[in-house]
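Numbering (the working numbering), first residue to last: 50 to 296.
All C-beta atoms, glycine included, are put in the ideal place defined by N, C-alpha and C.
Some notes on the structure that comes next.
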Ligand code: OAD
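Shown next as structure tokens:
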């Protein structure tokens, strides 16, 4: 893949780059996406049953066990070349921010230093009732599914944002600040269908950023992208770095 010279120059001169990522960036690590036709989680399961507070309360054991399985799979997953390329950008660009919809910790493990998680984290638990945070080790040590909060007696659940829940205020406002400050926004591996996260590329565009989409099946529902690099992020992003910086 040959990246257009004008984009390479933009990247070489960029002061602040934001990588806005979705499930696709982790696909090459073996973490399933949500909406890919055969392999996406929402092709096999109903989001209403598994990713809403009401679904959890209707069938707490089934839902907790489903998240526990995903948590265990994520522990085994390793960052891929796409996560590493995003982390590597920090050696070349003065400021790099990762804004992710993903609940895994693969950007952290790849070495990115500034990361906002719009949809929370599957790598921790929190209490439905009092919001107390807990580790999976604490939860699993109770040997009951789901574990129960020692403070208020409600269920512990994954610290992800479920449908019908509000996004973490700090991460959302810092992300909005980052996308309206950056000169280049990479929109990587997301269908752009879930709001308010999907607003961020529009906000970046309005603020004058150059927008680049990285996706094997580029979406047409986002803002007007200045560049589309069609392909898997684990291949496109390292190629981009090589061509821009000779890495
Ligand atoms: P989706 O499953 O909706 O979209 C994944 C995107 O990744 C699609 O556009 C794919 O074409 C693309 N893709 C697949 N493999 C790729 C690869 N190797 N490299 C790059 N792109 C690839 O996932 P999200 O957009 O992240 O919400 O979904 C948004 C939210 O919906 C998720 O955060 C989750 C879900 O319900 C919550 O957890 C609240």
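Assigned exposure category for residue 240 - 16 Cβ within 10 Å defines buried:
Its Cβ being crowded by 16 or more others within 10 Å, residue 240 is buried.
Alpha-carbon to alpha-carbon, residue 53 and residue 170:
C-alpha separation (whole angstroms): 36 Å.
Three or more beta-carbon pairs under 8 Å between the region 84-93 and the region 149-167, yes or no?
No contact exists between the region 84-93 and the region 149-167.
Going by the CB atoms, is the gap between residue 126 and residue 155 shorter than 8 Å?
Going by C-beta atoms, residue 155 is nearer than 8 Å to residue 126.
Option nearest residue 95 by Cα separation, candidates 144, 212, 207 and 117:
For residue 95, the nearest C-alpha among the options comes from 212.
So, is residue 192 buried or exposed, given that buried needs 16 or more other C-beta atoms within 10 angstroms?
Looking at its Cβ environment, which holds fewer than 16 other Cβ atoms inside 10 Å, residue 192 is exposed.
Straight-line Cα distance separating residue 201 from residue 149:
Note on geometry: alpha-carbon atoms of residue 149 and residue 201 lie some 31 Å from one another.
Could you tell me whether the Cβ atoms of residue 129 and residue 280 are closer together than 8 Å?
For residue 129 and residue 280, no; Cβs fall outside 8 Å.
Residue 237 and residue 263 look like a contact to me (Cβ under 8 Å); what is the Cβ gap, rounded to whole Å?
In this structure residue 237 touches residue 263 by the C-beta definition: roughly 4 Å separates them, less than 8 Å.
Can you round the beta-carbon distance between residue 278 and residue 261 to whole angstroms, since I take them to be within the 8 Å contact cut?
Cβ-Cβ separation between residue 278 and residue 261: approximately 7 Å, consistent with a contact (criterion under 8 Å).
So, is residue 92 buried or exposed, given that buried needs 16 or more other C-beta atoms within 10 angstroms?
So residue 92 ends up on the exposed side.
Return yes when at least one heavy atom of the ligand OAD lies under 7 Å from the C-beta of residue 265, else no.
Distances taken from the Cβ of residue 265 to the heavy atoms of the ligand OAD include one shorter than 7 Å.
Integer Cβ distance of residue 293 from residue 60, believed to fall under 8 Å
About 5 Å separates the two Cβ atoms, so the contact holds.
With DSSP run on the structure shown, which of helix, strand or coil describes residue 207?
Strand at residue 207.
Put residue 282 into one of helix, strand or coil per three-state DSSP.
Here residue 282 sits in helix by DSSP.
With residue 173 as the anchor, note down where its beta strand (DSSP E) starts and where it stops.
Looking at the DSSP string, the run of the beta strand (DSSP E) that includes residue 173 is 169-176.
Would the C-beta of residue 160 count as close to the ligand OAD, meaning under 7 Å from any of its heavy atoms?
Answer for residue 160: no, Cβ out of range of the ligand OAD.
Is residue 251 close to the ligand OAD? I mean its beta-carbon at under 7 Å from any heavy atom of the ligand.
Relative to the ligand OAD, the beta carbon of residue 251 is positioned no closer than 7 Å to any heavy atom.
Of the residues 50, 153 and 69, which one's Cα is nearest the Cα of residue 258?
The residue with the shortest Cα to Cα distance from residue 258 is 69.
Just the Cα atoms here: how many angstroms apart are residue 189 and residue 196?
The alpha-carbon atoms of residue 189 and residue 196 are separated by roughly 7 Å.
Would you say residue 237 touches the ligand OAD, meaning its beta carbon is less than 7 Å from a heavy atom?
Under cutoff, so the answer is yes.
For residue 183, which residues from the same chain have a beta carbon less than 6 Å from its beta carbon, with the 5 sequence-adjacent residues on both sides left out?
Counting only Cβ-Cβ distances below 6 Å, and skipping sequence neighbours, we find 174 and 205.
Relative to the C-alpha of residue 112, which residue among 121, 122 and 101 is closest?
When only C-alpha atoms are compared, the closest one is 101.
Give the single residue among 199, 132, 256 and 153 whose Cα lies nearest to the Cα of residue 121.
It is 153.
Suppose the cutoff is 7 Å on Cβ atoms and the five residues either side in sequence are ignored; what does the same chain contact list for residue 57 look like?
Cβ neighbours of residue 57 beyond the five flanking positions: 292 and 293.
Based on Cα-Cα distance, which residue from 55, 67 and 62 lies nearest to residue 252?
Comparing Cα positions, the closest option is 67.
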